[in-house]
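Here the structure is laid out as structure tokens; the discussion comes afterwards.
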Amino acid sequence: MIAIWVIATSVDLPQKPTKLDSKPGYDARLQDPLIVVGTERKAVVQKLGEEAVENTDTVETGTSTVPTFPRLLQFDDEEIATGEKGELGELESPTEYQLMGLGIRKVSFLGIQVYVVGMYVATDDIAQLQRTLIKKIDPIATTLVAGEKDTLKEKLLDPVVGEEVWNHILSSTNVRTLFRIVPVRDTDFGHMRDAYVRAVTAQARKNPEEFGDDKFGQSVAQLKAMFGHGNVPKGRELVLARSGKGSLAAWFDTGKTGPQRLGEVDDERISRALWLHYLAGSHVASEAARKSIVEGIMEFVERPVGTVATQVHV
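Those letters in the sequence shown? Residues 9 to 322, by the working numbering.
Structure follows, in structure tokens:
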């Protein structure tokens, strides 16, 4: 299993790495997630959780505890990617993801900050996301003009219609996405697990016919087991990744003991319900994140389908 984060700057990164396998001479450090920061045509390789060096291509988060998020990152998880990119061990290079939007999760009437969350979409899948969103407004268009963009924005922000749109995207496309979550205060997996289970079961109550089978109950149990117990210190990264087939995988920066794969859930309904927890409905986890993600989508749909991947690169 391989998961790799890469934070890119505006300079060129090194040539595509060799295949990740266990042949003689293979660098064992690649068994762990890494952060690679490009600086002056050199790559500084760091363990996940170490301070990034000279990464200027970032977005401010609005909190000094976790001040920035990268615009671009690379991530792969072999186990959920198997069957999509070839046989296990044959991944040519990590998949590039682009930031769509981010925000701070707050709780209680005091607005206590809990974590920063950002949503990323695989660069190669942006065209598919563009096409699906645009066709919601105009079946024959390849881009949206100002008035049409406003209509789409209203749909995405509407509690009912927005949920219908995202349900369609998540259940009928192969778009790969992930959420990067970094706490701004110490928390624990128990709190995160309970919040995610509540989000998933809330979707099940709204759609009993779709979520009422025994397999769904087993999948919820897998979700609970994936997060288990333990502390989540502030500044430590948690990544929730959704494959093109809807499988969910979670990775966590444990600090001294290194990055850890928490597990996976194959049932796409689990990841879809979690994604809706951030994207749609009357009570999302972070309204600021949802609005930021929608604004990011507006930038996608104003360009012709298929051009964003080349225009947004730094």
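Ideal placement from N, C-alpha and C gives every residue a C-beta, glycine not left out. Given the structure is predicted, the values throughout are model-derived calculations rather than measurements.
- By the criterion of at least three beta-carbon pairs nearer than 8 Å, the stretch 236 to 245 is not in contact with the stretch 215 to 222.
- Ranked by Cα distance from E104, the options G314, L81, V173, G119 are led by L81.
- Rounded to whole angstroms, the separation of the alpha carbons of P241 and I145 is 43 Å.
- Look at T66 here: in three-state DSSP terms it is strand.
- If you draw a straight line from the Cα of A233 to the Cα of L256, it comes to about 13 Å.
- Where D84 is concerned, there is no enclosing beta strand (DSSP E), because DSSP gives it neither an H nor an E.
- Relative to the Cα of I112, the nearest Cα in the group T265, V292, G314 belongs to V292.
- Leaving aside the five residues that flank Q136 on each side, the residues in its chain whose CB is nearer than 6 Å to its CB run, in chain order, T181, V183.
- With fewer than 16 other beta carbons inside 10 angstroms of its own, H176 counts as exposed.
- A Cβ-Cβ contact shorter than 8 Å links I301 with G109.
- Secondary structure of P167 (DSSP, three-state): helix.
- P78 is classed as buried because its beta carbon has at least 16 other beta carbons within 10 Å across all chains shown.
- Ranked by Cα distance from Y123, the first of P191, D65, K264, D85 is P191.
- The criterion of a C-beta distance shorter than 8 Å is satisfied by L231 and V205.
- Beta-bridge analysis with DSSP links N239 to D196.
- Taking a 10 Å sphere around the C-beta of G126, we find 16 or more other C-beta atoms and assign the residue as buried.
- In the DSSP annotation of this structure, the continuous segment of the alpha helix (DSSP H) that includes I301 starts and ends at 295 to 309.
- Where R277 is concerned, the enclosing alpha helix (DSSP H) starts and stops at 276 to 287.
- In the three-state scheme derived from DSSP, where H, G and I count as helix and E and B as strand, F224 is classed as helix.
- Looking at the DSSP output, W259 sits in a beta bridge with V247, R269.
- Here the alpha carbons of S101 and S294 stand approximately 32 Å from one another.
- In the structure shown, F77 falls within a strand segment according to DSSP collapsed to helix, strand and coil.
- In the DSSP annotation of this structure, the continuous segment of the alpha helix (DSSP H) that includes A135 starts and ends at 134 to 143.
- Per DSSP, the unbroken beta strand (DSSP E) holding P191 starts and ends at 185 to 191.
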